[in-house]
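**Q** Going by the working numbering, the sequence shown opens with residue 20, and the numbers climb by one from there. What follows is a structure written as structure tokens; I'll ask about it next.
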Amino acid sequence: MLFNEVRAMRLSPLLEPSSVAVLGASTTPSVGGDIVETLKRFGYEGGIYPVNPKYETLLDLPCYPSLIDLPAAPDVVAFCIGPKRIPENFRLLPDIGAKAAVIFGGGYAEEGDAGRKIQEEIVDICKTGGIALCGPNCMGVLNPTFGSATYLQIAREPAALAGNVGLISQSGSVCISLLSDVRRFGFSAVVSSGNEAVVNAADYLDFMIDHEATKVIAMFTETIAAPERYVAALDRAADKGKPVIVLKVGKAERSRAAITSHTGGLAGDTKVFSEVLRAHRAIEVDDLDEFVEMIAACQGSPWPTGNRLGVITSSGGMAELILDRASTVGLQLPPLPKEDMAEATRVIGAVSGDGNPLDAWGNGNFAVNTPHALKVVRECAANDAVVLCYDNDDNAPLGYIKTLMARAKFLSESADASDKPHYQMTMRPGLRIEEQIPLLRNAGVPTLFGVQQGLQAIDRLSRWSCWDPAARAPLQNVDQQAIADLDLPNRNTVNEYDSKRLMKQLGLTVTQERIVETCNDALAAAAEIGFPIVLKAVSDDIPHKSELGLVKVGLSDADAVTQAWNDLTDALAKQEAPAKILVQEMVSEGIEVFAGVSHSPDFGHTLAFGMGGIEIEVNPDFALRVLPLRKGDAEAMIGEIRNAARFGSVRGAAPADTKSLAAALYALSDLIGSAGSAIQEIDLNPIKLLPEGRGCIVVDALIVPRQ
Ligand code: ADP
Ligand code: MG
Numbered sequence: 020m021l022f023n024e025v026r027a028m029r030l031s032p033l034l035e036p037s038s039v040a041v042l043g044a045s046t047t048p049s050v051g052g053d054i055v056e057t058l059k060r061f062g063y064e065g066g067i068y069p070v071n072p073k074y075e076t077l078l079d080l081p082c083y084p085s086l087i088d089l090p091a092a093p094d095v096v097a098f099c100i101g102p103k104r105i106p107e108n109f110r111l112l113p114d115i116g117a118k119a120a121v122i123f124g125g126g127y128a129e130e131g132d133a134g135r136k137i138q139e140e141i142v143d144i145c146k147t148g149g150i151a152l153c154g155p156n157c158m159g160v161l162n163p164t165f166g167s168a169t170y171l172q173i174a175r176e177p178a179a180l181a182g183n184v185g186l187i188s189q190s191g192s193v194c195i196s197l198l199s200d201v202r203r204f205g206f207s208a209v210v211s212s213g214n215e216a217v218v219n220a221a222d223y224l225d226f227m228i229d230h231e232a233t234k235v236i237a238m239f240t241e242t243i244a245a246p247e248r249y250v251a252a253l254d255r256a257a258d259k260g261k262p263v264i265v266l267k268v269g270k271a272e273r274s275r276a277a278i279t280s281h282t283g284g285l286a287g288d289t290k291v292f293s294e295v296l297r298a299h300r301a302i303e304v305d306d307l308d309e310f311v312e313m314i315a316a317c318q319g320s321p322w323p324t325g326n327r328l329g330v331i332t333s334s335g336g337m338a339e340l341i342l343d344r345a346s347t348v349g350l351q352l353p354p355l356p357k358e359d360m361a362e363a364t365r366v367i368g369a370v371s372g373d374g375n376p377l378d379a380w381g382n383g384n385f386a387v388n389t390p391h392a393l394k395v396v397r398e399c400a401a402n403d404a405v406v407l408c409y410d411n412d413d414n415a416p417l418g419y420i421k422t423l424m425a426r427a428k429f430l431s432e433s434a435d436a437s438d439k440p441h442y443q444m445t446m447r448p449g450l451r452i453e454e455q456i457p458l459l460r461n462a463g464v465p466t467l468f469g470v471q472q473g474l475q476a477i478d479r480l481s482r483w484s485c486w487d488p489a490a491r492a493p494l495q496n497v498d499q500q501a502i503a504d505l506d507l508p509n510r511n512t513v514n515e516y517d518s519k520r521l522m523k524q525l526g527l528t529v530t531q532e533r534i535v536e537t538c539n540d541a542l543a544a545a546a547e548i549g550f551p552i553v554l555k556a557v558s559d560d561i562p563h564k565s566e567l568g569l570v571k572v573g574l575s576d577a578d579a580v581t582q583a584w585n586d587l588t589d590a591l592a593k594q595e596a597p598a599k600i601l602v603q604e605m606v607s608e609g610i611e612v613f614a615g616v617s618h619s620p621d622f623g624h625t626l627a628f629g630m631g632g633i634e635i636e637v638n639p640d641f642a643l644r645v646l647p648l649r650k651g652d653a654e655a656m657i658g659e660i661r662n663a664a665r666f667g668s669v670r671g672a673a674p675a676d677t678k679s680l681a682a683a684l685y686a687l688s689d690l691i692g693s694a695g696s697a698i699q700e701i702d703l704n705p706i707k708l709l710p711e712g713r714g715c716i717v718v719d720a721l722i723v724p725r726q
């Protein structure tokens, strides 16, 4: 933790500077002039040092000819000069005692060798001089709660910017976009981090976690420079009770190192990153609309403690739309209990549906019905939060603003009278009554825009609130000798037969099978195992057998075995690889599933589980977790794939033995826990999942050692 604190401390000159030097300050409008102007508008109390040999004074402040003429060491220097003059000035920073800097302009590294050299020199100066550099290629830093700025845009109304959201964005345009609307939330600190040549998103995240004024952290991310510290920071944010909302872009999979197993191909960077976020309690959103509604939902007080909503509308059609959307995002809308329904209709009159959403139109007397509906819903034990839903807009050509203000007042009074979170939600994004927002904001009632984004935001916040940091599943001992016997460092892949010996050690059931030398041996083994049987080639150099005609299934008598033997040996003759032949029990019954492990360079091993067979390639249906598994993860993975219903009792048949399957998944997690450094990928495909009580059988296995 000390390491984090030291890094976080280093950022205060950048985020909460006691003095700001603006190199290249000139009259407004200009970047340098705007920063000085913003600082004055903030009423910034630290030293403001404009630097420009052309002026004696600038905006009523003494202006200094160069950085070496400053009256005191500046905490941060904003570089508002052309790129050519940056290096010579940057070299002065350690001597003048500067502790931080911001470079706005484009990255040097992209501009060929000369540019890269300059960037390297700048990074060196920062590292040896302990200078926290923001950028290059960024908008800089704005701290509305502290009242400081080294930010590219002028802050015309600093007071309006302040709030509790810490924004860390690698994209400057996203900062512009979010800061464009401060009606529903404001910012405790804003960092446009750009190319992150020195200080990266994980550092800023660490700072925000300890930043008093920051209650919610919003991150717009293209790349993660320091995955390990990033994950550690997510954990720290979770412990501190600060939601971290992440919008990650660049989801097109980057080209990956050659992948041997089929499962390896499924666990792309994007999916792994999403799993990392989930495992560490961050809230992932998919676009800017979701991002903004999520931040808006976090402005409410209190936060939801469950995912059961009580919704009030004044329309049956809207009620159905809300029900449909709620069920797709995973929220529950429990029907209004009988007594509550009776109490509602007593005043409101006839109500359609089951009372949730509660269509509070009834007799049409909204001034009576709205507060009554709110009272019934907030006092109803079946829900955890209250949502009042309707549309209107400042520019609507119909209706009375007075009525709308009365609604907002009813809602804020209901929120005051209750321990449950309250929300106002429009059905459509983009509609709003401006005057309502501050009234609701003061009452801790978020205004959410759009059914889809609004419900999703409430759902995500309730999941965040209900997050239970499950303990790691208890680790079973893995036989180290069995792993050592595999001689992993000296093999490209571990063939099916040998991989299965290890799986057996781990407690998994594998097919009965024997390696044989001759066709006669094969016939003897088949008789022993029992028909039908399977013949397969086994070789470390042939990780995928069937596409080469090296798997012969369903051999039900001696003739079939002999024929298959001849075909298989012919097919094998075409391969250069040394191989053996395996006689194997045929598992005709069961559902084909797979389990596999792969390794991400950033986030370590992940486990995938899903429907097996050729489905993996055609229509993948799988769940993913970062290893090690936590308690309940395996069961959750089995339950969350699209085809999960196939494991239940279908048409009276016995349900599948998912218990044994979960045990197999935990065993793989344990294996990686004790031998992960030697294993790159594992592919158990297929596993045959049998009816309850009969377990699951590993039919094919492949281990790819780590090189
Ligand atoms: P590959 O190396 O091509 O993945 P597999 O051993 O997985 O080879 O065999 C290919 C397919 O043949 C399996 O997906 C499965 O459908 C079927 N198969 C292989 N072995 C058996 C077996 N012992 N019992 C039942 N089906 C099998
Ligand atoms: Mg296979």
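Don't be surprised by glycine CBs; every beta carbon is placed ideally from N, CA and C.
How should Gln499 be labelled, buried or exposed, when 16 other C-beta atoms within 10 angstroms of its C-beta is the threshold for buried?
**A** Taking the sequence shown and counting its residues from 1, the one referred to as residue 499 is at position 480. Exposed.
**Q** Could you tell me whether the segment 415-428 touches the segment 165-177, where touching means 3 or more Cβ pairs closer than 8 Å?
**A** No, the segment 415-428 does not touch the segment 165-177.
**Q** Could you check the C-alpha separation between Leu507 and Ala501 for me, to the nearest Å?
**A** If you number the sequence shown from 1, residue 507 lands on position 488. If you number the sequence shown from 1, residue 501 lands on position 482. Rounded to whole angstroms, Leu507 to Ala501 spans 11 Å at the Cα level.
**Q** Would you please state the rounded distance, in angstroms, between the beta carbons of Pro551 and Leu574? I believe it to be under 8 Å.
**A** Your numbering for residue 551 matches position 532 in the sequence shown. Your numbering for residue 574 matches position 555 in the sequence shown. That pair is a contact at about 6 Å.
**Q** Count the C-beta pairs between the segment 386-393 and the segment 365-375 that are closer than 8 Å, then say yes if the count reaches three, no if not.
**A** Contact holds: three or more Cβ-Cβ distances are below 8 Å.
**Q** Is Ser371 near ligand 1, going by C-beta to nearest heavy atom under 7 Å?
**A** As a working note, residue 371 is residue 352 in the sequence shown. False, no ligand heavy atom lies under 7 Å from that Cβ.
**Q** Can you tell me whether Cys485 is buried or exposed? The criterion is at least 16 other CB atoms within 10 Å of its CB, across all chains shown.
**A** Here the question's residue 485 lines up with position 466 in the sequence shown. Exposed is the call here.
**Q** Can you name, in chain order, every residue of its own chain whose Cβ lies under 6 Å from the Cβ of Glu303, other than the five neighbours on each side?
**A** Along the sequence shown, one-based indexing puts residue 303 at 284. Contacts found: Val265, Ser293, Leu296.
**Q** Where does Ser31 fall in DSSP's three states?
**A** Residue 31 sits at position 12 when you count from the first residue of the sequence shown. Note: Ser31 maps to helix in three-state DSSP.
**Q** In whole angstroms, give me the CA-to-CA distance for Asp640 and Phe628.
**A** Mapped onto the sequence shown, residue 640 falls at position 621. Mapped onto the sequence shown, residue 628 falls at position 609. So the alpha carbons of these two residues sit roughly 8 Å apart.
**Q** How about Pro353 and Asn402: do their beta carbons lie closer than 8 Å?
**A** Translated into the one-based positions of the sequence shown, residue 353 becomes position 334. Translated into the one-based positions of the sequence shown, residue 402 becomes position 383. Cβ distance < 8 Å, so Pro353 and Asn402 count as in contact.
**Q** Any idea which residues DSSP pairs Glu303 with across the strands?
**A** As a first step, residue 303 must be located in the sequence shown, where it is residue number 284. In DSSP, Glu303 forms a bridge with Val265.
**Q** Should Ser199 go down as buried or exposed, given a rule of 16 or more other Cβ atoms within 10 Å for buried?
**A** Here residue 199 refers to the residue found at position 180 of the sequence shown. Exposed, since its Cβ has fewer than 16 Cβ neighbours within 10 Å.
**Q** State yes or no: is the C-beta of Leu152 within less than 8 Å of the C-beta of Ile187?
**A** Counting from 1 along the sequence shown, the entry for residue 152 is found at position 133. Counting from 1 along the sequence shown, the entry for residue 187 is found at position 168. No, they are not a contact pair.
**Q** Using the Cα positions of Glu247 and Lys290, report the straight-line distance between them to the nearest angstrom.
**A** For the purposes of this step, residue 247 is identified with residue 228 of the sequence shown, where counting begins at 1. For the purposes of this step, residue 290 is identified with residue 271 of the sequence shown, where counting begins at 1. Rounded to whole angstroms, Glu247 to Lys290 spans 17 Å at the Cα level.
**Q** Any chance the segment 152-171 sits against the segment 33-47, with 3 or more Cβ pairs inside 8 Å?
**A** Touching, yes.
**Q** Less than 8 Å between the C-beta atoms of Lys555 and Leu601, yes or no?
**A** To locate residue 555, count along the sequence shown from 1; it is residue 536. To locate residue 601, count along the sequence shown from 1; it is residue 582. Yes.
**Q** With 16 as the cutoff for other CB atoms within 10 Å, does Ile87 come out buried or exposed?
**A** In the sequence shown, counting from the first residue as 1, residue 87 sits at position 68. When all chains shown are included, Ile87 counts as exposed.
**Q** May I ask which residues mark the beginning and end of the alpha helix (DSSP H) holding Pro90?
**A** Walking along the sequence shown from the start, residue 90 turns up at place 71. Pro90 -> no alpha helix (DSSP H), and no H or E assigned at all.
**Q** Could you give the C-beta distance for Ile331 and Thr169, rounded to a whole number, given that I count them as a contact under 8 Å?
**A** For the purposes of this step, residue 331 is taken as the residue at position 312 of the sequence shown. For the purposes of this step, residue 169 is taken as the residue at position 150 of the sequence shown. Contact doesn't hold; Cβ gap of about 46 Å is too wide.
**Q** Could you tell me the boundaries of the alpha helix (DSSP H) in which Gln475 lies?
**A** Mapped onto the sequence shown, residue 475 falls at position 456. Start and end: 470-484.
**Q** Counting only runs of 3+ residues fully inside the segment 122-192, write out the beta strand (DSSP E) ranges in chain order.
**A** Correct list: 151-153, 159-162, 167-170, 181-188.
**Q** Assign Gln318 to buried or exposed, taking buried as 16 or more other Cβ atoms, counted over all protein chains shown, within 10 Å of its Cβ.
**A** Sequence index remark: in the sequence shown, residue 318 carries index 299 (1-based). So Gln318 ends up on the buried side.
**Q** DSSP three-state call for Cys538: helix, strand or coil?
**A** The residue labelled residue 538 in the question sits at position 519 within the sequence shown. If DSSP states are grouped into helix, strand and coil, Cys538 belongs with the helices.
**Q** Which residues does DSSP pair with Thr466 in a beta bridge?
**A** For the purposes of this step, residue 466 is taken as the residue at position 447 of the sequence shown. Looking at the DSSP assignment, Thr466 forms a beta bridge with Gln443.
**Q** Cutting at 8 Å between CB atoms, please list the residues of its own chain near Asn548, excluding the five before and the five after it.
**A** Numbered from 1 along the sequence shown, position 529 holds the residue referred to as residue 548. For the sequence presented, residue 548 should be read as Ile rather than Asn. Only Gln531, Glu532, Arg533, Val602, Gln603, Glu604 meet the Cβ criterion.
**Q** Given that a residue counts as buried once 16 or more other Cβ atoms are within 10 Å of its Cβ, and exposed if not, what is Gln582?
**A** Residue numbering aside, residue 582 sits at position 563 when the sequence shown is read from its first letter. Exposed, because fewer than 16 other Cβ atoms sit within 10 Å of the Cβ of Gln582.
**Q** Please classify Ser575: does DSSP put it in a helix, a strand, or coil?
**A** Counting from one through the sequence shown, the residue named residue 575 turns up at place 556. It is coil, neither helix nor strand.
**Q** Between Val718 and Arg344, what straight-line distance do the alpha-carbon atoms span, to the nearest angstrom?
**A** Mapped onto the sequence shown, residue 718 falls at position 699. Mapped onto the sequence shown, residue 344 falls at position 325. Looking at the two C-alpha atoms, the distance is approximately 41 Å.
**Q** Compute every distance between the C-beta of Asn514 and the non-hydrogen atoms of ligand 2, then say whether any falls below 7 Å.
**A** On the sequence shown, position 495 is the one that residue 514 refers to. For ligand 2, not one heavy atom lies less than 7 Å from the Cβ of Asn514.
**Q** Closer than 7 Å: is that where the CB of Pro705 sits relative to any heavy atom of ligand 2?
**A** For the purposes of this step, residue 705 is identified with residue 686 of the sequence shown, where counting begins at 1. At least one heavy atom of ligand 2 is nearer than 7 Å to the Cβ of Pro705, so yes.
**Q** Grab the span of the beta strand (DSSP E) containing Asp410 for me, first residue to last.
**A** As a first step, residue 410 is located in the sequence shown; it is residue number 391 there, counting from the start. Counting along the chain, Asp410 falls outside any beta strand (DSSP E), and DSSP gives it neither H nor E.
**Q** Just checking Asp719 against ligand 2 - is the residue's beta carbon closer than 7 Å to any of the ligand's heavy atoms?
**A** Walking along the sequence shown from the start, residue 719 turns up at place 700. The answer is yes for Asp719.
**Q** Using 8 Å for Cβ pairs, my map puts Ile722 next to Val529. What's the rounded Cβ distance?
**A** Position 703 of the sequence shown, counted from the first residue, corresponds to residue 722. Position 510 of the sequence shown, counted from the first residue, corresponds to residue 529. So it is not a contact: roughly 13 Å between Cβ atoms.
**Q** Exposed or buried, Val669, counting other C-beta atoms within 10 Å across all chains shown (16 or more means buried)?
**A** Position 650 of the sequence shown holds residue 669. So Val669 ends up on the exposed side.
**Q** Taking C-beta to C-beta, are Met446 and Cys408 nearer than 8 Å?
**A** As a first step, residue 446 is located in the sequence shown; it is residue number 427 there, counting from the start. As a first step, residue 408 is located in the sequence shown; it is residue number 389 there, counting from the start. Closer than 8 Å, so yes.
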